[in-house]
Structure formats: C-alpha cells, structure tokens
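According to this note's numbering, the sequence shown is numbered sequentially starting from 557.
Backbone N, C-alpha and C fix where the C-beta goes; we use that ideal spot for every residue, glycine too.
Quick caveat, the model's predicted, so the values are computed rather than measured.
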Amino acid sequence: MKRLITILKANCFWIVILSITPQLFSQATLLQVIPEVQQFEFKNKNYKLPKIVKIKINTETNDSLVNIATQLKEEMFNMFQIEAHISTTSARHATASNEILLSYNNGVSKNKEAYTLDIDTNNGITIEGASKIGVLWATRTLLQLRKNHKNEIPSGFITDYPDYPNRGFMLDVGRKFFSIDYLRNYVKILSYYKLNEFHVHLNDNAFKTYYDNDWSKTYAAFRLESDTYPGLAAEDGHYTKEEFRDLQCLGMQYGVNVIPEIDIPAHSLAFTRYNPELKASAPYADDHLDILNDEKLPMIYNFFDKLFDEYIKGDNPVFIGPDVHIGTDEYIKEGKGRDVDNAQAKRFREFTNHYLKYIANSGKTPRLWGGLEWLKDTPLTHVKPVGNAIMNAWSKDWVNAEKMLDDDFKIISTPDSWLYIVPAAGYYRDFLDIEWLYTNYRPEKVNTSLTLPDFQPGLLGSTFAVWNDVSGNGISQLDVHYRTMPALKVLGTKNWKGAPSKSYEAYKQLANADSDGPKTNLTGNFTNQELDDIASKIGQKPVRFDGKKEVNLGGTNLGYTYDVSFDVNPKKGNKQNALLFQSNYGIITLNTDGTGKLGFSRDGYTYTFNFIPQEKSWQNVRIVGDYKSVTLYVDGSEKEQLTAYKKTEGLPNGFNFQQTLTFPLEKVGDRENGFKGAMKNLQLSTTNFQKMK
C-alpha cells in the first residue's frame, strides 16, 4: 500500500509530492550514511569500487562539473588510494563497473540540492543532480558509502534531497581565536555531512565578571583585517582579507555558505575600545554603542557604514557570499536587562532598520539575531525584513517566531536551550544531548514553548552554535571540535531528514565510527595500522637528535582518549622550550619556559608538569589524555594529573580552568629549536573517539 508524503519547501515556494512505498523508506536504513538518505531501493547485491576508476562527465554539463570531478578524484585517492581518470561522454548512464558518471537532470526534482545515485554491479555508478550542488552532495554520499561499508556497497537506487534548505553551524571566533586552518577544515567537515552554512561570529567580548568587574580589563576582539581602521583587528589573532575571501571561495567549492557576522550595537567592546566616542554611557555597559545619543548617532552610522563598505564593496570585496549578518542582539541596560524604556526600544529598532536596509542595498541578504520581542516601543516602530532578511530565532524571550513569520521574516531555528554549546562554562550545554536531538528534535521546535507546524513556510532550517563566553578558560580549538562533532552529525541528519528511519542505537554506532571526512582529521582518529606506522618512525633503535633534526611522523594530533609512551634520554644544554613533539595545534617541550620541566603548549596556553627529566639518562615517559585531563607517568609511576581547577589568581579568573592536550604527532624534534638527546620505543594507542555523550 502506498502513502502520500507532501513536503512543503517554504523558501522556494514549491511543493514536491512524492509517492513512497514503506519498503523504499525502510530500505534507507541499509545504508551507512550521515545524514540518512530519503529513499533507497536495494538490488540484492553488493558493489565494489575498483582501485582504478573512470570519472565521466556528461558533455552537456562538462564545464560546471569538472571541478567536482577533480575534487572527487583527489578525495578518493586521499581516503582509499583509488586512482581515477577523468573524461567526458555523451552517455547519460555509466556503462561499466569501473565508471562513475556525473550529470545534471533538472527533472530529478525542483529542489536544487536533490540527486539520484544509481549503483549497479555491472554498469557502475550514475549520479544525476538537479543542479551542481546536488551532484556534489551525491559525491559526499558515495565517499561515505565506500568508507562505512568497507567497499561492500549495497547496490541500488538512491533518491535524496534535504527537508530543509538551510543547515548550519555558528562559531564564536570573537571571544576565542580559531586559526584559518581550523576554519578551512570545518568547511570540509560540514560539507561531508551536508551542512551548508558556516556562520562566523567575528567580534565579541568576554564578561567583565571574570576581569575584576572592570570593562577596561575585559577581553575583546574583532577578527578581520581592516584598512579603514588600522589596528582594529585583534593582535592575538585575526584573518587577513585574503584568508577570509579564500575561506568563502573554499566554501563555494564545498557547497558551504560562509556567513560573516559583525555584531552591533551590543557585544561591541572591540569597537568602543578602538574608538571610545562610540561607547555608550550609563546605564548601558561599555560594550554598547551610544545609539541613544542623537549627536553621536551620525558618527556611529558613518563608522559602521564605512566598515561594511570596506568588506562588501569595491573591485575585490571581502564578503563575497550572498549573506551578511549584522548581529543586533541583547541591547540592554547593564544589570537591568528587563528594564526597557521607550527611547531604548525605538532607537534599537531604528538602528536595526538602518542596517537591514544598508546590507540589502549593498546587494546582500541581511541576517540578524532575533531581539525585537524584548525591545518594543509605543507606538511600535516596525522592523521591516528588507532584502528577504533572515532571523536567528534563538530565545523565546527575545524572539516571537510566529510574529516574525507573520511579518515576512525568514526564520532559522537556533534554540539556545537545545543547540547552544558553551564549552566548560557550567551553563547552557558542554555537549548537546545527542539522543534527545535524534529522537525528538526538528527545526520546527523553535523553543521550549513553541513548535511550528511541520515544514512551516518561512522556516528555513536550524543552526547550532558554539559560544566561547568564558574567554581565557583554557579550552583549545580541538576541545571545541570534540564537543561540536557529535552535534554536527546529528543536526546534519535532522536538518536533512527530519524523521530518520534508523533507530538511535543504529545511528549512534554509525556516528561513533564515522570520520571528519576527506583531507581533514581534527578529531585525531587513526586506525591501529596507521598508529603502528607512525610509531615505527621512533622504534626500538634510539633516534638521536642534535637540536636541528626533526623526524616527520606523518600524523596530525591523536585525539581523546589516547595513551602515548616513549623513552627519552635528554642531553645537557637543551634550550628553552626545546621541541619534543609538534603539530599545528600543539607542542610538547623540554625545559618549558626555562624551568627545566616537561610541558606542553597549545592555543596560547603553556602547561608544565612537576617533572624535570634527568639528563644523560633513559626514562620512560607515558602521557594519557582525555577531554578533562592529562596524566603523566614516569618509569611506570604516576607523577601528576593536570585537570580543571578553579582559577582565582591573575586575569581572567573565577572559572574552571581547563588543562587538556590532544597529542601532537606531526613531527619529533625541530630544525630550529629541537631537543638534544635520543628517543626510542614510541607506542600509541587510543579508544574510540567522540562517543555520543
């Protein structure tokens, strides 16, 4: 018996009616893919991708698909050592078992992200996308099938498309800096799980409670190079214009829209510190712009008009994507958040209107945080969704999602109760509740009090967010990744297929085993064979180091929970911070900061163990790390465990300071400041990563 499923796609204003048999629906569970595909018809045999394949591009779509074909070729070699040769063909279907054919077919669906994937044991693989992005998503599915089925891929016919068009992740880089390498890796990871938005929150400030309640001491940062305002970009980490432009280009290659956010008129300490004339006076905090001051308002508009112009306009703009986020959340009186007066609400709404219109007139779609429910004046100053403005519905107190939809705003569900990660803060969530999200969540759940009808027109999807509220708390970039990766997988699933067929237990088993995707390994996930290969570079025979030698181990970082041991015999005269192990994300050192002690550094933090290695003597060093601690053993005895502690001295303070390390495995030693001595018997082991919390 057939049943009719009607799916309303609000942002495109079209309806697709699909007749799906229960059998096809349930067969989707046979495929080990995240997110789960919509339909799969199994053909009762398994298919093997050979070691040499032909990627063929249908000639009608040659120009636009050659980049995807090239990318797929590189990824298959990176992940599986499969060699691929690219050519063109007039055929619409693959005709040999070693062929992968890429083509368009706008008859697949009106949904531009839709695709079909035909896996045939005799005739190879045929991919048809409704557009270029549909073809790209099909290749993500193919890579996961090859990996997760260990090349025993169920043959059959996949029909797939997303239930929601906007599927995202937001990262607060204002309060904590993340390297451009990290952001580029995240574009690839998001793409692998078919999340298509990467919202980058470019400025913010810490809470003054951690800085002696003194705004002048409180951390603040803006992360993007500016020629208009030299010195505005944070000295402790920012992106050049070229880096950020290239990040967006990479996103376009991988189907991920990189959305820059400049957050005003609150959360603006980086700007008010740069130009104190922008700063509000009491009862507003120093991180608020003085928008209620009629004399200053033209100057404030001029300052930020020029800043946006620098990035949006000109012959070589920096913000090259379709969307720009203007912030606009939490403009409140200091310590009196609910004390809203008419002038405050009116000016905030006027300010919001100004920048919605300004961004729209610059040719971009404006985005904003929902903040209008709290800030209402009488008579009401209407905020208009010019340029098809998109609002993040993040709080039931700040956003009336139904009212915003009635006012023609598009909505992205970003409920703080369920989708906010604030690492090691003790409020909101350190890890999202993966089981609850998989079992219960849909983007229509915009907050704990409101669930919209399924496929509500104007609701585009959902975004989860990482807020690094507690600046300076010792959290590393890879600690954040450890928290976001499980969330990324489950929300990739729930935004693609709101009601997946797999049981949670089956999903969990797959999610725990799956990787970051091609050409990236922030998780630090290695097979036992890969770990053995890395360890073999420092074997039973001592490898000697003279301070200028390095050994390339071929790894990255070994993720949690790991167990690493090695024998080391230091010579006399090791320089300060002489490198033992290193990677892009951390180092392990002798004579750390001149103390003589063993230590490590990452993300601008340096940690020391209360252990000074003996010179001219062999010692067995063992380091065990998880997301809460690092433990040192020497010659079989535990020396010290570094774990979170209440920080009471120095600034910032008043929070639990984290002491963690993902073990660096790119190199031993260094050509400029390596250690002097010898090392042998490197041993590496690990348990499964990112198990669902």
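Test item: CB-CB of residue i and residue j under 8 Å
| i | j | result |
| --- | --- | --- |
| Q1132 | K1223 | no |
| T677 | K612 | no |
| D861 | K852 | no |
| Y742 | I590 | no |
| H755 | I820 | no |
| G1017 | P721 | yes |
| L803 | L739 | yes |
| A901 | D933 | yes |
| G883 | H938 | no |
| V1046 | L993 | yes |
| V1186 | Q1215 | yes |
| S969 | A949 | yes |
| V593 | I689 | no |
| I977 | T1040 | yes |
| G1210 | T796 | no |
| P841 | W930 | Here residue 841 turns out to be Ala, not Pro, going by the sequence shown. No, these two residues do not count as a Cβ contact at 8 Å. |
| P1208 | Y857 | no |
| Y671 | A650 | no |
| P1169 | V1124 | yes |
| N1029 | L1135 | no |
| F875 | I868 | yes |
Through-space distance from residue j to residue i, alpha-carbon basis
| i | j | result |
| --- | --- | --- |
| G877 | L806 | 11 Å |
| E1106 | T1145 | 14 Å |
| E1061 | R894 | 43 Å |
| D1159 | N1113 | 14 Å |
| P854 | R923 | 23 Å |
| L928 | W1023 | 21 Å |
| A980 | E1196 | 22 Å |
| Y1141 | G1233 | 24 Å |
| F800 | A789 | 13 Å |
| N1271 | A694 | There is no way to answer for residue 1271, as the model of the chain reaches only from 557 to 1249. |
| T697 | L586 | 13 Å |
| I967 | N956 | 11 Å |
| G1206 | K1093 | 42 Å |
| I818 | V729 | 11 Å |
| A533 | H910 | A question about residue 533 goes unanswered here, because the residues of the chain that appear run from 557 up to 1249. |
| E684 | P971 | 35 Å |
| D964 | N917 | 18 Å |
Burial state of residue i, where buried means 16 or more other Cβ atoms lie within 10 Å
| i | result |
| --- | --- |
| F1245 | Annotation note: pLDDT 47 at F1245 (below 50); position unreliable, coordinate value reported separately. Buried is the call here. |
| H844 | buried |
| Y1201 | exposed |
| E630 | exposed |
| N661 | buried |
| H794 | buried |
| H1037 | buried |
| P702 | With the sequence shown as reference, residue 702 is identified as Arg, and Pro is not the correct amino acid for it. Result: buried. |
| N769 | exposed |
| T615 | exposed |
| S1059 | exposed |
| K1001 | buried |
Continuous beta strand (DSSP E) stretch holding residue i: start and end
| i | result |
| --- | --- |
| S643 | 639–645 |
| Q594 | From DSSP, Q594 is part of no beta strand (DSSP E); its letter is neither H nor E. |
| H757 | 753–757 |
| G1030 | Counting along the chain, G1030 falls outside any beta strand (DSSP E), and DSSP gives it neither H nor E. |
| L924 | 921–925 |
| W1241 | According to the sequence displayed, residue 1241 carries Ser and not Trp. Its beta strand (DSSP E) spans residues 1232–1242. |
| G1142 | 1142–1146 |
| D1102 | 1099–1102 |
| I608 | 608–614 |
| F778 | 776–778 |
Cβ-based neighbour list, residue i, same chain, cut-off 6 Å, excluding 5 preceding and 5 following
| i | result |
| --- | --- |
| N1050 | This sequence places Lys at residue 1050; Asn is not what is there. Excluding sequence neighbours, K1050 sits near Y997. |
| Y603 | I675, T677, I709, S711 |
| L912 | P922, V942, A945 |
Residue i: first and last residue of the uninterrupted alpha helix (DSSP H) it sits in
| i | result |
| --- | --- |
| Y994 | 990–996 |
| R696 | 688–704 |
| I683 | Here I683 belongs to no alpha helix (DSSP H); instead the beta strand (DSSP E) covers 680–685. |
| R740 | 736–748 |
Close beta carbons around residue i, own chain, < 7 Å, minus the five adjacent residues each side
| i | result |
| --- | --- |
| K654 | Residue identity differs from the one stated: residue 654 is Asn in this sequence, not Lys. Counting only Cβ-Cβ distances below 7 Å, and skipping sequence neighbours, we find P606, I608, V609, K610, G680. |
| T1243 | T1117 |
| T1076 | N741, K744, I745 |
| I638 | L605, K607, V609, M632 |
| L1217 | G1142, F1156, R1158, G1181, V1186 |
Own chain, CB closer than 8 Å to residue i, minus 5 neighbours either side, in chain order
| i | result |
| --- | --- |
| Q1096 | K1236, N1237 |
| L621 | I613, N614, L658, S659, Y660, K688, V691 |
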